[in-house]
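When we follow numbering that gives the first Met the number 0, the leftmost residue of the sequence shown carries the number 0, and every step to the right adds one. Yeah, the Cβ is synthetic: ideal placement off N, Cα and C, and Gly gets one too.
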Amino acid sequence: MSAVATELSNAQIEFYDLLNQGPPQIVNYWNEGHCRTGELLEAMNFLSRSEKLMAEFYLMVWYGNQKQGFDLTEACSVLDQNNREIIASWVKNPFWP
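Here it is as structure tokens:
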């Protein structure tokens with residue numbers, strides 16, 4: 000981890016580990032313990048359905064709420080196995096950064 004990682008909470012480090020397993024288009028909206036939510040919400044208009052679902056999932060975990068409309072049922076029916084496994088790993092051991 001970089002020097003920045005030492006400034007992050009354990010939950011934030013765990014979040015970044017989870018984030019880095021998902022679509023690379025989403026990763027850059029989180030930086031040094033902050034999310035550029037407005038920019039991500041705007042970008043979501045141009046993401047694929049799967050990428051948008053993963054962005055909604057990461058926002059739900061980050062903020063600890065469902066304001067972005069993450070739908071687990073839709074995610075299970077649309078996402079590939081890798082992305083479903085990311086969500087399942089969080090469900091088994093939930094955390095909130």
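How about residue i and residue j: are their beta carbons less than 8 Å apart?
i     : j     : result
Glu55 : Gly68 : yes
Leu40 : Leu78 : no
Tyr57 : Gly32 : no
In whole angstroms, what separates the C-alpha of residue i from that of residue j?
i     : j     : result
Ala87 : Gln24 : 21 Å
Leu17 : Ile85 : 7 Å
Arg83 : Ala74 : 7 Å
Trp29 : Ser76 : 26 Å
Glu50 : Asn92 : 22 Å
Asp70 : Arg48 : 12 Å
Ser8  : Asn64 : 19 Å
For residue i, count the other beta carbons within 10 Å of its own beta carbon; 16 or more makes it buried, fewer makes it exposed. Which is it?
i     : result
Val90 : exposed
Ala2  : Its pLDDT being 45, under 50, Ala2 is placed unreliably by the model, and the measurement read from it follows with that caveat. Ala2 is exposed by the Cβ-count criterion.
Glu6  : exposed
Trp61 : buried
Gln80 : exposed
Whether or not the stretch 34-49 and the stretch 9-20 are in contact is what I'm after, with contact meaning three or more pairs of Cβ atoms, one per stretch, closer than 8 Å; do they touch?
no
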